[in-house]
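*Asks:* Residue numbers (the numbering used here): 9 to 145.
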């Protein structure tokens, strides 16, 4: 509740790196972090594998995808889930926080027309830059 109440853009027109050609720069990305090793956390978030056959990691993990303001690094929205939910799925829930006059930057992991469309069209009729693999054609 506190996050939803306070998460808002903080940059002004004079904040370095916050705007490009009049558009507020936002970015999406994801991360994982370890949480306390408890049965409740394991049930809620799961554990990733450890790369050794059927082994499992030492701690349950939470995955987060966030929409952040580039100039201030302020988090504007976030989605949390267990470690088995992919970042692309979580980022697909973030366009609810987009509006006019914003330009969303995304890394190559988020390549795909459906995700690009849901992040591009609510914000602006202008193209949304999307990084992709060099081998992608």
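Glycine included, each C-beta is placed from N, C-alpha and C at the ideal position.
Only a predicted model underlies this, so the values are computations on that prediction, with no experimental measurement involved.
1) To which residues of the same chain is residue 55 closer than 6 Å at the C-beta, ignoring the five residues directly before and after it?
2) If you draw a straight line from the C-alpha of residue 36 to the C-alpha of residue 48, how long is it?
3) Is there a Cβ of chain B sitting closer than 8 Å to that of residue 83, yes or no?
4) In the DSSP assignment, what residue or residues form a beta bridge with residue 77?
5) Report the rounded CA-to-CA distance for residue 24 versus residue 43, giving the unit in angstroms.
6) Rounded to whole angstroms, how far is the Cβ of residue 70 from the Cβ of residue 41, which I believe are closer than 8 Å?
7) Pick from 34, 14, 57, 74: whose alpha carbon is nearest that of residue 108?
8) Go to residue 113, then tell me how far its beta strand (DSSP E) extends in each direction, as first and last residue.
9) If distances are taken between C-alpha atoms only, which option among 14, 10, 11, 72 comes closest to residue 97?
10) By how many angstroms is the C-alpha of residue 22 removed from the C-alpha of residue 99?
11) Report the rounded CA-to-CA distance for residue 75 versus residue 58, giving the unit in angstroms.
12) Can you tell me whether residue 104 is buried or exposed, with buried defined as 16 or more other CB within 10 angstroms of its CB?
13) Given that a residue counts as buried once 16 or more other Cβ atoms are within 10 Å of its Cβ, and exposed if not, what is residue 114?
*Replies:* So, to answer that:
1) Along the chain shown, read from residue 1 onward, the residue named residue 55 stands at position 47. Result list for residue 55: 64, 65, 68, in chain order.
2) By 1-based counting over the chain shown, the position of residue 36 is 28. By 1-based counting over the chain shown, the position of residue 48 is 40. Taking the straight line from one Cα to the other gives about 29 Å.
3) Absent from the structure: chain B. Only one protein chain is present.
4) Here residue 77 corresponds to residue number 69 of the chain shown, with the count starting at 1. 34, per the DSSP bridge assignment.
5) What you label residue 24 is simply residue 16 of the chain shown in a count that begins at 1. What you label residue 43 is simply residue 35 of the chain shown in a count that begins at 1. One C-alpha to the other measures close to 35 Å.
6) Position 62 of the chain shown, counting from 1, holds the residue named residue 70. Position 33 of the chain shown, counting from 1, holds the residue named residue 41. Correct: roughly 6 Å between the Cβ atoms.
7) In the chain shown, the residue the question calls residue 108 occupies position 100. Minimum Cα-Cα distance from residue 108 among the listed residues 34, 14, 57, 74 corresponds to 34.
8) Your numbering for residue 113 matches position 105 in the chain shown. Start and end: 110-114.
9) Locating residue 97 in the chain shown gives position 89, where the first residue counts as 1. Checking every option, the nearest Cα to that of residue 97 belongs to 72.
10) Translated into positions along the chain shown, residue 99 becomes position 91. Translated into positions along the chain shown, residue 22 becomes position 14. Each residue's alpha carbon lies about 28 Å from the other.
11) By 1-based counting over the chain shown, the position of residue 75 is 67. By 1-based counting over the chain shown, the position of residue 58 is 50. Across the structure, residue 75 and residue 58 are spaced so that their CA atoms are roughly 29 Å apart.
12) Counted from its first residue, the chain shown places residue 104 at position 96. The residue in question, residue 104, is exposed, as its Cβ has fewer than 16 Cβ neighbours within 10 Å.
13) The sequence position of residue 114 within the chain shown is 106, counting from 1. It counts as buried.
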